[in-house]
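Trainee:
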């Protein structure tokens with residue numbers, strides 16, 4: 005089981021991939037999703 009925060013990041017990453025019509029969700033999508041998290045940016 006993963007944490008709620010991790011699940012949110014992965015969901016955002018998946019959304020980035022879908023929104024950009026990418027076939028796969030990659031580490032780049034996860035990176036961008038992490039950057040949206042204020043705790044990570046600090």
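Residue numbers (the working numbering): 5 to 46. Every residue, glycine too, gets a C-beta built ideally from N, C-alpha and C. None of these values were measured; they are calculated from a predicted model.
(1) What three-state label does DSSP hand residue 25 in the structure shown?
(2) Can you list, in chain order, the residues of its chain whose CB lies under 6 Å from that of residue 36, leaving out five sequence neighbours each side?
(3) Under the rule that 16 or more other beta-carbon atoms within 10 Å means buried, what is residue 33, buried or exposed?
(4) For residue 27 and residue 17, what's the separation of their Cα atoms in angstroms?
Mentor: The relevant details are as follows:
(1) The count along the chain shown starts at 1 and reaches residue 25 at position 21. Reduced to three states, the DSSP call for residue 25 is coil.
(2) For the purposes of this step, residue 36 is taken as the residue at position 32 of the chain shown. Cβ neighbours of residue 36 within its own chain (closer than 6 Å, five residues either side excluded): 20.
(3) Mapped onto the chain shown, residue 33 falls at position 29. Buried is the call here.
(4) Residue mapping note: residue 27 aligns to position 23 of the chain shown, counting from 1. Residue mapping note: residue 17 aligns to position 13 of the chain shown, counting from 1. The straight-line gap from Cα to Cα measures roughly 13 Å.
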